[in-house]
Amino acid sequence: MAPLELKELKKQLEELLDKGFIRPSISPWGAPVLFVKKKDGSMRLCIDYIDKNKYPLPRIDDLLDQLKGATVFSKIDLRSGYWQLRVEEGSIPKTAFRTRYGHYEFVLCHLD
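In the numbering used here, the protein residues as written are 309 to 420.
Shown next, in the form of structure tokens:
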């Protein structure tokens, strides 16, 4: 990582720790981190779970078949809404990521 990215990483990690979104980890897993530049020039912290996500996705028609007979649908649109959802305790170690500053795992969903 470039020096500017390392500075941003440290800042974002401290913020996530202070808010209780992440915690130090001893998980055997550890995905790498990277930054993606947003349109406004700020940096978005991303975790590369590509190796962990190698499994077949369900077919969309099978998913839609499960909705057969449903009459009520809802949609929630909240800013940073996923930060409201806790990760199941047994799944927390699977969210682990490694950085120069330590090994961490998410306690809350981190899909921004």
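Cβ coordinates follow ideal geometry from the N, Cα and C atoms, glycine included.
Cβ neighbour criterion (16 or more within 10 Å) applied to residue i
{"i": "Ala404", "result": "buried"}
{"i": "Val423", "result": "Nothing in the structure corresponds to residue 423, since the chain is present only between 309 and 420."}
{"i": "Ile355", "result": "buried"}
{"i": "Ser382", "result": "exposed"}
{"i": "Leu324", "result": "buried"}
Length of the line joining the Cα atoms of residue i and residue j
{"i": "Pro401", "j": "Thr379", "result": "37 Å"}
{"i": "Gly338", "j": "His411", "result": "7 Å"}
{"i": "Ser408", "j": "Gln392", "result": "The sequence given here has Arg at residue 408, not Ser. Arg408 and Gln392: Cα-Cα distance of roughly 27 Å."}
{"i": "Glu310", "j": "Glu316", "result": "Note on identity: in this sequence residue 310 is Ala, with Glu being the wrong assignment. Distance between the alpha carbons of Ala310 and Glu316: 10 Å."}
{"i": "Leu371", "j": "Leu365", "result": "10 Å"}
{"i": "Ile334", "j": "Val341", "result": "17 Å"}
{"i": "Lys318", "j": "Arg367", "result": "40 Å"}
Residue interval of the beta strand (DSSP E) (run including residue i)
{"i": "Glu413", "result": "Gly410 to Phe414"}
{"i": "Lys319", "result": "Per DSSP, Lys319 belongs to no beta strand (DSSP E); it is in the alpha helix (DSSP H), Pro311 to Lys327."}
{"i": "Ile355", "result": "Met351 to Ile355"}
{"i": "Ile330", "result": "Ile330 to Pro332"}
{"i": "Thr407", "result": "Phe405 to Thr407"}
{"i": "Lys345", "result": "Val341 to Lys345"}
Integer-rounded CB distance, given that residue j should sit under 8 Å from residue i
{"i": "Glu413", "j": "Arg331", "result": "6 Å"}
{"i": "Leu353", "j": "Gln374", "result": "Not confirmed; about 34 Å, so no contact."}
Residue range of the alpha helix (DSSP H) that includes residue i
{"i": "Leu371", "result": "Ile368 to Asp373"}
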